[in-house]
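Each residue of the sequence shown is one higher than the last, beginning at 1 in the UniProt record's numbering. Note that CB positions come from ideal geometry on N, CA and C, so glycine has one too. These numbers come from a predicted model, not from an experiment. Shown next, in structure tokens, is the structure this report addresses.
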Amino acid sequence: MLWRSFRDVIEWLDWISRRLDRARVASVTLTHERSVTLSRDAVGSTFLKSGNVFTALALAIASAVFAADTLYATDVSISVLYVLALGVASFDAHEGRLSWFTLGCLGLAALAWAISHGASPTWSSLLKLTASAIAIAMTGALLENFRKLQSVRKALEESKFELENLTDSVPHIIWRATKEAYVDFYNKRYTEIIGRDFRETIERQDWIEDFHPDDRGWYLERVRTAFAAGDELRAIYRLRHADGNYRWVSLVGRAVRSPETGEIIRYYGGTTDVHEEVLAQIKIKELNETLEQRVAERSAELTRTEARFDSIFDLSSVSFAELDLGDAQIVLQDLRNAGVVEFRTYIEKHPVLLARCIAATRTVRVNEAFARLLGFNSCKELASRKHEETSEEYRRIVTHQLEMAYHGLSHIEGRAVLTGKDSRKVPVHYTVSRLETGRQLATYVDFTNQAQIEEMRLAVQEELARANRIATVGAFSASIAHELIQPISSMTMDVQTGMRLLKRASPDVNGAIETFERLIRSTQRISGIVERTKNAVKGGQRKRTLIDLHALTQEVQSLLEREMRNSKSKIIIRSDDSSPRVVADAIELQQVVINLVKNAIDAMQNVQPSDRVVEIDIGSSGALARVSVLDRGAGISDHVLENMFRPFFTTKSNGVGMGLQICRSTIEAFGGDLSARNRERGGAVFEFTLPVDRTDTVPARIHDLKRTKSFGSGQMPT
């Protein structure tokens, strides 16, 4: 009877506990479905508050039982009601607390027995106390185990809840299947992506309907094969989405085996969207196929082109030789990296480097026409010779080819004398072209039968040059008129000035004499221009004398006095202490300097008068004398720099375009050079160089003038 009552109490407590757990789980689930966030601490706090009520109730029951057992001498039979106190206390029992509560109930029962029967104990009361103690202890132990079971159950439910949250939050479809390929789980992402309730899909097992019709057959076969062997399942297929479109997805499934038996328990897997990646791979595959087709077509075309080239190369009557520079290209690149500009000059100064390049150069092949040109019966016989035996000018020819490769030229040409069979000399005209492969193709034309034609050509060329000089008289006329205008105008002004000086009440004889001296120099200048023109037409030699460049520039300064004053300009002459001397025609050289100075004056028309300065620098560098004429104008454009020395090219509205061309021809005739460039700080520089005379002969001065450093508007030479 006692045991039945105890069992009923336990079952009643278990029923109450299950009801409370169901209520708690339902509350948490409802909160999750409505997306209401309740912290676990808040839920625990609610149960903690209700737990305090159960603790107080349990203490009240225990106190009441103790009081009744003590005061009313129930002969400890009522002490079994301590079980009820334990049951109530179990609703708020934390770890260890229920054990202490059980010991407390045992202590109260023993204390009540001692108070009631301690003075006169009986076996009956002692047995009842023992039975009550056993009931209290067993109830406490069972309730403690029950509490632990509830704690484990709660942990499992929380773990399940977290797992469901995890699987539902990932952006992929997660599934689980038995080893028989029965799918028994999908996460909620399945419904979001596919548009079907995952519970219905699991119930119907019709997940294959979501696959593209073309992918269903092979996928089912792959599933059967993988599940039968326990292998990993991998597949890329098209899956229908909620919008009705198919997208490429990647599926991976792996088997989970029992640790004890090794048998497959479940298959777990996931599905990931790879639509964009698959489309990109398909596009790449199509591009590769197109590229392979084009490469094949291009290769076939190149093969046909090479065949045509070979036939032209081998069967042509024109002599061909294909050359490969080989490792010489590496040497050329090293020189480019080192900043070498003048390749020919550099390579001639380094014969060892040239020999290295020559050794690296090889003739890849020659045609039969080239072999016949040199008197050989076959290409093989010609190929057996060394490169140096091909021509006595072989080093020069190869240097020319290396220079072509160094500067990236498309072709070069020239003449050479090749050495054929039995040392026979064969004059040829060669052309070397650069091929796309980086090699060079040389073409040779036999000039043996053209020696007489060449002699006749030279004779005709000489006669043509003389005729050209005569024909140029027309062009010279314009230039001569341009050159004569200034001295004639100067003579007119000098005559008028001299007459005014002599007609004064007190004639200025000295001033008139100075004016007439300038008149004499102008007439001499005109005479020189006429004589020079006559010699140019007749092809005669120029009259050359030793000239002091400083004295010459001073003479120019004097002749241009009036032009400088009218243009409000001035000249500054700078020279070394020992003025360099050159051998040239004094009149022609003077005319060159005059033209350059007048051009400088014209270039500064738009400049402030204070900045209209023409600088003449005279110096020498080694074996060359240098004269530079500098202005402070706007400079020279790139287009003008490229064309300014061409005949009849001019930027002046009243210009002829012969001045600079004649100046350059004059300087070059004396072994010098005339060039032009822009100054860094504005303006232009015209500079010519002439060979310096190193003899001790006293130079013939144009006139005995004192050195003048500068003069300008309103100044007279001293």
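| Item | Value |
| --- | --- |
| Going by alpha carbons, who is nearest to residue 140 out of 176, 160, 153 and 102? | 102 |
| Per DSSP, which residues does residue 721 bridge with? Please list them. | For the chain, the structure presents residues 1 to 718; residue 721 sits outside this window and is missing. |
| From residue 257 to residue 179, what does the alpha carbon distance come to, in whole angstroms? | 10 angstroms |
| Which same chain residues end up closer than 7 angstroms to residue 515 when comparing Cβ atoms and leaving out the 5 residues on each side of it in sequence? | 494, 497, 498 and 501 |
| Name the residue from 637, 551 and 662 whose alpha carbon lies nearest to the alpha carbon of residue 651. | 637 |
| With DSSP collapsed to three states, give me the class of residue 447. | coil |
| Residue 769: which of 186, 145, 182 and 144 sits nearest, CA to CA? | Residue 769 falls outside the range modelled here, since the chain spans only 1 to 718, and no answer is possible. |
| So what does residue 440 bridge to, in DSSP terms? | 323 and 434 |
| Please go through the same chain and pick out, in chain order, the residues whose beta-carbon is closer than 8 angstroms to the beta-carbon of residue 202, but skip the five residues on each side of it. | 183, 184, 185 and 186 |
| Is the beta carbon of residue 433 less than 7 angstroms from the beta carbon of residue 411? | yes |
| Can you give the beta carbon distance from residue 319 to residue 369, rounded, assuming they're within the 8 angstroms contact cut? | 5 angstroms |
| State buried or exposed for residue 100, treating a residue as buried only when at least 16 other CB atoms are found within 10 Å of its CB. | exposed |
| Under the rule that 16 or more other beta-carbon atoms within 10 Å means buried, what is residue 195, buried or exposed? | exposed |
| Say whether the stretch 672-687 touches the stretch 614-629, bearing in mind that this needs 3 or more beta-carbon pairs closer than 8 angstroms, one atom from each stretch. | yes |
| Is it right to say residue 325 is buried, meaning 16 or more other beta carbons lie within 10 angstroms of its own, or is it exposed? | buried |
| Taking buried to mean at least 16 other C-beta atoms within 10 Å of its own C-beta, is residue 670 buried or exposed? | buried |
| Quick check on the DSSP output: the alpha helix (DSSP H) that includes residue 688 runs from which residue to which? | First-last for residue 688: 684-691, but that is the beta strand (DSSP E), not the alpha helix (DSSP H). |
| Please determine, among 565, 418, 192 and 136, the residue with the shortest C-alpha to C-alpha distance to residue 373. | 418 |
| Using CA atoms only, rank isn't needed, just tell me which of 247, 288, 270 and 251 is closest to residue 276. | 247 |
| Taking contact to mean 3 or more Cβ pairs, one atom from each stretch, closer than 8 angstroms, check whether the stretch 236-254 and the stretch 146-156 are in contact. | no |
| Can you tell me which of 297, 617 and 597 puts its alpha carbon nearest to the alpha carbon of residue 659? | 597 |
| Have a look at residue 425 and residue 365 and give me their C-alpha separation to the nearest angstrom. | 22 angstroms |
| Does the separation of the CB atoms of residue 177 and residue 267 fall below 7 angstroms? | yes |
| Between the C-alpha atoms of residue 330 and residue 613, what's the straight-line distance to the nearest angstrom? | 52 angstroms |
| Just to confirm my understanding: we take residue 581, look at its own chain, exclude 5 residues before and 5 after, and list those with CB closer than 8 angstroms. What are they? | 546, 547, 548, 549, 625, 692, 693 and 699 |
| Let me know if residue 595 comes out buried or exposed under the rule of 16 or more other beta-carbons within 10 Å of its beta-carbon. | buried |
| Which residues in the same chain have their Cβ closer than 6 angstroms to the Cβ of residue 672, if we skip the five residues on either side of it in sequence? | 688, 689 and 690 |
| DSSP three-state call for residue 652: helix, strand or coil? | coil |
| Taking its Cβ as the centre, do 16 or more other Cβ atoms sit within 10 Å of residue 367, making it buried, or is it exposed? | buried |
| Is it right to say residue 349 is buried, meaning 16 or more other beta carbons lie within 10 angstroms of its own, or is it exposed? | exposed |
| Please state whether the Cβ-Cβ distance between residue 357 and residue 323 is less than 7 angstroms. | no |
| Helix, strand or coil: how does DSSP classify residue 417 here? | strand |
| May I have the straight-line CA-CA distance separating residue 113 from residue 152, to the nearest angstrom? | 38 angstroms |
| With distance defined between alpha-carbon atoms, name the residue in 391, 260 and 288 nearest to residue 423. | 391 |
| What would DSSP say about residue 187, mapped onto helix, strand or coil? | coil |
| Less than 7 angstroms between C-beta atoms, sequence neighbours within five positions excluded: which residues of the same chain meet that for residue 556? | 590, 593, 594 and 597 |
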